[in-house]
Amino acid sequence: MKILVLNAGSSSLKYQLISMPEWDVLSKWLVDKIGKWTVIKHVGKIGKVEIQGDLENHSIALKKVLELLVDPTHGVLNSLEEIDAAGHRVVHGGEEFVNSARIDDYAKTKINELCEIAPLHNPANLMGINAVEDVLPNIPNIAVFDTSFHQTMEPSAYMYSIPYKYYEKYKVRRYGFHGTSHKYVSYRAAEILGKDIKDMNIIVCHVGNGASVSAIKGGKVVDTSMGFTPLEGLTMGTRSGDLDPAIVAFLMRKENMTIDEIDHMLNKQSGVLGISGVSSDMRDIEDGHIAGKTQETLALDVYVNKIVKYIGSYTAILNGCDAVVLTAGTLENSAYIRKMIADKLGWLGITLDESKNDFRWEERIISTPESKAVLMVVPTNEEYMIAKETYDLLK
Ligand code: AMP
C-alpha cells in the first residue's frame with residue numbers, strides 16, 4: 009500500500025511517500041513558503057531537485073509535488089493511481105478522537121471546531137486535507153492526531169484546578185501533544201530492550217524546538233507535560249513552558265500589553281530565546297554555555313533543570329521508572345545536553361556510559377549495564393507512525 013504522509017503547516021507542506029507494511033520511503037519533500045517564493049525540495053529516484061515559483065495555496069503546491077512524483081526523471085511512480093491513501097498529521101483531536109480516524113464530513117467538522125483551541129495548527133492541517141481531497145479525490149484520508157495517544161490520562165492528570173464550569177463549557181483541560189512521537193518512541197524502546205511494554209514504566213523526553221515529557225505505564229500515557237495547548241511544560245525554543253499564571257495579569261498591567269501581545273510573548277519570544285536573548289536554537293545555546301557566556305549558561309541550566317524536574321515527578325507518578333528515553337532534535341543530536349541531564353539522574357540509579365554518548369541520531373542505550381534504569385536514545389519517526397496508523401486502520 010503506497011501512502012502519502014502529509015504534515016501541513018500554515019505555509020508549508022512536508023511529505024513522504026511510504027510503501028507499507030515494508031516501510032520503504034519512496035520519496036520525500038518539503039514545500040516551504042506557500043503563497044510567495046515557494047520552494048519545493050524533492051528527493052526522488054535520482055536524488056534531490058529544488059524548484060522555485062509562486063504557488064498560491066496548498067492545492068496548487070500539492071499538484072506541483074504530484075507532477076514531480078510521476079515525472080519521468082525525478083518521479084517514483086508511473087501513475088498517481090498508485091497512491092492508495094493519505095495519512096495526515098492533525099495536531100488537535102480534542103476529546104473526540106482517542107484514535108486515528110478516517111476523514112469524512114463529520115471528522116472535518118470536528119477538526120474545524122477544534123481550530124478555536126489550536127488556531128496555529130488545525131487550520132493548516134485542514135488545508136492539507138482539503139488539498140488532497142481536491143487533487144486526489146478518490147483516495148481515503150486518515151487523520152493521525154498529536155493528542156490521541158494521551159487520551160488515556162485520568163481526570164486527575166488532565167483537569168486544571170480552575171472552576172469546573174470551564175471544562176464543561178469549553179473543554180478547558182490538559183490534552184498533551186507530540187503523541188505520535190511518544191507512542192512510536194516508547195513502543196520502539198520496549199522492542200529494543202526485548203520487553204513487553206505492558207510490563208514497563210517509561211518516561212519519554214521529546215525535546216526539539218517544541219518539547220514535552222510523558223509518563224507511560226504499560227503502554228498507556230498517565231501524564232504528559234503539554235496541556236490545553238503546546239505552551240505548557242518544558243522550557244522550549246521560543247515557548248515559555250510552565251509559569252505562574254499570575255505573571256500574565258501582572259505584565260499586562262505593568263507593560264500595558266494586550267492579550268495578543270502577551271500570547272505572542274509567551275509563544276514566540278520566551279523559552280531559551282527569551283532567557284538568552286540570543287537564539288532559540290540549542291546549538292547556539294550549547295556553544296554559549298561551553299564558552300561560559302552568562303545568558304546562554306542560564307538558559308541551558310533552566311532548560312535542563314526543567315527536564316530533570318519532570319523526570320523526577322513522573323517517576324513518582326509511575327511509582328518507579330524502567331527507562332528514560334530521549335528523542336527529537338536536541339536530544340537525538342546533542343551529547344553535551346544528554347550528559348547534563350544524565351548527570352542529574354543518579355538518584356534514579358542511572359549512570360551515563362560516556363564512551364557510548366558521543367553520537368548523533370542513532371538508537372542507543374547510553375547508561376551503564378549496572379544502572380537501575382535504562383537511559384537511551386530513540387530517534388523519533390512521526391512519518392513512519394502516521395503511515396503505520398493509516399495502514400493499520402485501512403487494513
Ligand atoms: P525538532 O523540533 O525536533 O526538529 O528539533 C529542532 C531543534 O533541535 C533545533 O532547533 C535545535 O534547537 C536542536 N538541535 C538540532 N541539532 C542539534 C545539535 N547538534 N545540538 C543541539 N541542539 C540541536
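Take the sequence shown: its position 316, counting from 1, is numbered 324 in the working numbering, and each next residue is one higher.
Just so it is clear, CB atoms sit at the ideal spot from N, CA and C, and this is done for glycine as well.
Note that the structure is predicted; figures quoted are calculated from it, not measured.
Within the continuous alpha helix (DSSP H) that includes residue i, where are the two ends?
i	result
residue 381	No alpha helix (DSSP H) holds residue 381; DSSP gives it neither H nor E.
residue 303	302-326
residue 336	336-341
residue 136	130-143
residue 179	Premise fails: residue 179 is in no alpha helix (DSSP H) and is neither H nor E.
residue 284	279-284
residue 33	Premise fails: residue 33 lies in the beta strand (DSSP E), 32-40, not in any alpha helix (DSSP H).
residue 374	Segment: none, residue 374 is in no alpha helix (DSSP H) and carries neither H nor E.
According to DSSP, simplified to helix, strand and coil, what is residue i?
i	result
residue 352	coil
residue 206	helix
residue 123	helix
residue 27	strand
residue 231	strand
residue 268	helix
residue 293	helix
residue 298	helix
residue 83	coil
residue 190	helix
residue 95	strand
residue 67	helix
residue 21	strand
residue 169	coil
residue 275	helix
residue 78	coil
residue 12	strand
residue 211	strand
residue 386	coil
residue 8	Only positions 9 to 403 of the chain appear in this structure, which leaves residue 8 out of reach.
residue 246	coil
residue 48	strand
residue 251	coil
residue 201	helix
residue 239	coil
Excluding the 5 residues flanking residue i on each side, which residues of the same chain have their C-beta closer than 8 Å to its C-beta?
i	result
residue 124	none
residue 140	12, 14, 70, 94, 96, 147, 149
residue 86	78
residue 348	308, 312
residue 265	259, 273
residue 337	215, 216, 217, 290
residue 62	43, 44, 45, 46
residue 230	160, 161, 162, 165, 223, 224, 325, 326
residue 206	226, 227
residue 303	283, 284, 285, 286, 296
Just to confirm my understanding: we take residue i, look at its own chain, exclude 5 residues before and 5 after, and list those with CB closer than 7 Å. What are they?
i	result
residue 314	242, 243, 249
residue 90	10
residue 311	243, 280
residue 156	101, 105, 106, 107, 108, 187
residue 29	399
residue 92	9, 10, 11, 147
residue 339	213, 215, 345, 346, 385
residue 256	270
residue 341	368, 369
The beta strand (DSSP E) with residue i in it runs from where to where?
i	result
residue 3	With the chain covering only 9 through 403, there is no way to say anything about residue 3.
residue 153	149-153
residue 390	Counting along the chain, residue 390 falls outside any beta strand (DSSP E), though it belongs to the alpha helix (DSSP H) covering 390-402.
residue 58	55-61
residue 368	Premise fails: residue 368 is in no beta strand (DSSP E) and is neither H nor E.
residue 222	219-225
Please determine whether the Cβ atom of residue i lies at a distance below 7 Å from any heavy atom of the ligand MG.
i	result
residue 250	Absent from the structure shown: the ligand MG. Ligands present: the ligand AMP.
Closest Cβ-Cβ distance between residue i and chain B: below 8 Å?
i	result
residue 272	Given the protein chain composition of this structure (a single chain), no chain B is represented.
Please return the same chain residues whose Cβ sits closer than 6 Å to the Cβ of residue i, not counting the five positions on each side in sequence.
i	result
residue 323	329
residue 57	50, 82
residue 122	100, 102, 130
residue 401	108, 150
residue 18	132
Subject >> Touching by the beta-carbon criterion (3+ pairs, under 8 Å), the region 42-49 and the region 123-133 >> reply: no
**OP:** Output the residues surrounding the ligand AMP, defined as those with a CB atom closer than 5 Å to any ligand heavy atom, in chain order.
**Re:** 216, 217, 289, 290, 291, 336, 337, 338, 341, 342
Original post:
Three or more beta-carbon pairs under 8 Å between the region 305-312 and the region 273-284, yes or no?
Top reply: yes
Original post:
Counting Cβ pairs, one atom from each stretch, are 3 or more of them under 8 Å apart for the region 167-174 and the region 142-152?
Top reply: no
**OP:** Take every Cβ of the region 70-90, pair it with every Cβ of the region 353-365, and state whether three or more of those distances are shorter than 8 Å.
**Re:** no
Original post:
Do the region 350-360 and the region 375-387 touch if we need at least three Cβ pairs shorter than 8 Å?
Top reply: Flag = yes, the region 350-360 and the region 375-387 touch.
Original post:
Okay, do the region 318-329 and the region 292-299 touch, 3+ Cβ pairs below 8 Å being the bar?
Top reply: no
Original post:
For the region 201-212 against the region 223-234, are there 3 or more C-beta pairs whose distance is under 8 Å?
Top reply: yes
Subject >> Inter-stretch contact at 8 Å, needing at least 3 Cβ pairs: the region 186-194 / the region 385-402 >> reply: Because the criterion of three Cβ pairs below 8 Å is met, the region 186-194 and the region 385-402 touch.
Subject >> Three or more C-beta pairs below 8 Å linking the region 55-69 and the region 36-45 >> reply: yes
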